[in-house]
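Data first, discussion second: the structure below is written as structure tokens.
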Amino acid sequence: MNDRTALVTGANKGIGKRIARLLAAEGFVVYVGSRDAERGRRAVEEIGDGARPLVLDVTDPDSVAAAAGHVDGLSSCLDVLVNNAGIAPSSAPPTETGADELRRTYETNVFGVVTVTNAFLPALRRSPSPRIVNVSSGTGSLAWSTGPNPQFAHGSGGAAAYRSSKAALNALTVLYANTLAGEGFKVNALAPGLRSTELNSRAAASDGDPAEAARGAVRLALLPEDGPTGEFFSWDGTPVPW
Ligand code: NAP
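Counting in my numbering, the sequence shown runs from 1 upward without gaps.
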């Protein structure tokens, strides 16, 4: 029997762990990506049936290549890739953000996604219905940052490194979707909403349940053949403008 397989990056805690748990409950073999082996082991133990540890630092090409090789050795294909790992180290506006801060943020939130996606493309291409979910952010929506009633203007242009990294991720989502549409891929971006995790102080102080966001990611991971691709959705399934 061929088990359906999924990989969630940054799945040792937060939204990613909830996504891994839900996919395991759906019957997937889920590779729980974690850059720290011990943190990954603990998450796998917590999730239980279906969860498998996978050491994977999205900023380290050697780590990503080793992880792809490991999955190749264990599974015939990869059906679902959830690019969830992300960082939000600074809330500064662009006027107070150095190029180093931008690079550091983009290493994980943008370049890491490209490294992981390209490394796992051969395994995804062997799936009959490959799905990629990029965990983005509503704060990366340029439409929501501008316009007559900007939801994320914050009057300040804050978190410039993080928000622009998610805008870049959104652009890549569209380009991957366009490139892979003829091969049956569905590639979409998710805005999880503000969730109570360790990501940043604003998120940690919110009462948003990360499991609610995870359900939105799983919906995109399980899209049918006639489902959308190259689109941006909120956790509740409503479209988000780019
Ligand atoms: P979190 O609890 O801080 O989890 C982030 C995860 O990413 C952790 O597992 C972390 O691993 C992992 N990670 C960071 N750098 C990594 C790297 N180089 N390689 C591999 N894994 C790495 O944050 P979260 O809120 O669940 O965030 C998950 C995603 O949701 C992110 O993409 C974030 O931008 C997005 N998001 C979150 C919110 C929110 O309100 N929470 C809102 C919008 C979007 P370690 O434990 O090793 O650090």
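Each residue gets a CB set at the ideal place from its N, CA and C atoms; glycine is no exception. What you are looking at is a predicted structure, and each value in this text was computed from that prediction instead of being measured.
Taking 7 angstroms as the line, does the beta carbon of residue i fall inside it for any heavy atom of the ligand NAP?
i    : result
G48  : no
T5   : no
S137 : yes
T173 : no
V58  : yes
D36  : yes
A88  : yes
G158 : no
R39  : yes
Pick from the options: whose alpha carbon is nearest that of residue i?
i    : options                  : result
V55  : E26, N12, L172 and I47   : N12
S164 : T139, W144 and V82       : T139
R131 : A181, A85 and I47        : A181
Y162 : R126, E101, A221 and G27 : E101
T59  : A20, R126, P94 and N83   : N83
C77  : T197, F120 and V174      : F120
D72  : R126, S90 and E45        : R126
Short of 8 angstroms in beta carbon distance, which residues of its chain neighbour residue i, apart from the five on each side in sequence? Order them along the chain.
i    : result
T195 : Per the sequence shown, residue 195 should be read as Arg rather than Thr. For R195, where only same-chain residues beyond five positions count, the Cβ hits under 8 angstroms are G14, I15, A203, S206, G208, D209, P210, E212 and A213.
D57  : R35, S63 and V64
Tell me which residues share the same chain as residue i and place their Cβ nearer than 6 angstroms to its Cβ, disregarding the 5 neighbours each side in the sequence.
i    : result
A177 : V187, T229 and G230
A37  : V55
A68  : A119 and F120
E45  : none
Could you pull out every residue in the same chain whose Cβ sits closer than 7 angstroms to the Cβ of residue i, ignoring the five residues on either side in sequence?
i   : result
A88 : A159, Y162, L199 and N200
Original post:
If we count Cβ pairs, one from each stretch, closer than 8 angstroms, do we get three or more for the segment 106 to 116 versus the segment 165 to 173?
Top reply: Below 8 angstroms, enough C-beta pairs join the segment 106 to 116 and the segment 165 to 173 to call them touching: three or more.
Subject >> alpha helix (DSSP H) runs wholly inside the segment 59 to 127, at least 4 long, in chain order >> reply: Whole alpha helix (DSSP H) segments, 4+ residues: 61 to 74, 99 to 106 and 112 to 125.
**OP:** Identify every run of the alpha helix (DSSP H) within the segment 178 to 205, keeping only runs that are complete inside it and at least 4 residues long; order them along the chain.
**Re:** Correct list: 201 to 204.
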